[in-house]
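What follows is a short report on a single structure.
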Amino acid sequence: MSADGPSSPLSGLHCLIVEDEFLIAVDYERILQSAGAARIVIAHDLAMARDMLASAGPFDLVVLDMNLDGESSLPLARELTTVQTPFVFITGYSMKSALPDDLRDAVVLEKPFEERTLIATLARMIGPR
């Protein structure tokens with residue numbers, strides 16, 4: 005079965021990865037590619053993410069690290085919510101209960117997680133296509 009075949013869960017999607025750790029971002033990119041994503045853009049901080057959203061968007065989904073070198077990604081999550089772009093928070097901390105009320109329903113994946121968990125989570129978020 006090819007990665008971009010009809011059964012690939014993220015087939016044809018345009019994705020943004022917002023992650024400050026280069027090797028982790030590249031690993032997420034590889035995972036999304038293996039699941040069939042058509043275009044993947046990586047941003048290493050909030051300013052770059054906003055630039056990419058403006059210039060390379062729209063995106064079908066966003067993988068969003070909660071802590072970008074000490075900077076909270078909550079403001080960007082709110083912006084994504086406003087424009088109805090699905091996103092998943094990735095964190096090394098137990099943060100679900102610490103989310104503000106307006107983001108309480110956000111999807112959160114705690115590291116470490118298996119590749120298939122990330123793919124399944126993203127596939128559920130976008131639903132059947």
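Residues in the sequence shown are numbered consecutively from 5, following this note's numbering. Beta carbons are placed, not taken as given, at the ideal position from N, Cα and C, and that holds for glycine.
Assuming residue i is part of the beta strand (DSSP E), what are its boundary residues?
i, result
"V112", "111-114"
"F91", "91-95"
"L68", "65-69"
Could you please give me the residues that DSSP links to residue i through a beta bridge?
i, result
"R43", "H18"
"L122", "According to DSSP, L122 bridges with nothing at all."
"L72", "E75"
Just curious, the alpha helix (DSSP H) that residue i is in, first and last residue?
i, result
"P79", "78-86"
"S38", "26-38"
"D55", "50-59"
Just tell me which of the options has its CA closest to the CA of residue i.
i, options, result
"M70", "C19, L126, H18, K115", "K115"
"E33", "D24, I46, F93", "I46"
"D109", "V92, R120, V87, F117", "V92"
"L65", "E118, P79, L50, L17", "L17"
"V87", "D105, F63, S76, T95", "F63"
"I94", "S76, T85, R43", "S76"
"K26", "H48, L36, L80", "Correcting the residue type first, residue 26 is Phe in the shown sequence and not Lys. Checking every option, the nearest Cα to that of F26 belongs to H48."
"V67", "G131, T121, L20, G96", "L20"
"I1", "A53, D55, M52, L14", "Residue 1 cannot be examined here, being either before or after the span of the chain that is shown, 5 to 133."
"V58", "L84, S98, A39, A127", "Note that residue 58 corresponds to Ala in the displayed sequence, not to Val. Nearest of L84, S98, A39, A127 to A58, Cα basis: L84."
"E118", "G131, S12, D31", "D31"
"L126", "L103, P90, S98, Y97", "P90"
"G96", "L80, G74, D105", "G74"
"A42", "A102, S12, G131", "S12"
"L107", "Q37, R54, R82", "R82"
"P79", "A102, R54, G61", "R54"
"S38", "A124, R128, M129", "A124"
Rounded to whole angstroms, how far is the Cβ of residue i from the Cβ of residue j, which I believe are closer than 8 Å?
i, j, result
"V22", "L72", "7 Å"
Using a Cβ-Cβ distance cut-off of 9 Å, determine whether residue i contacts chain B.
i, result
"M52", "Going by chain labels, chain B is absent from the structure shown, which holds only one protein chain."
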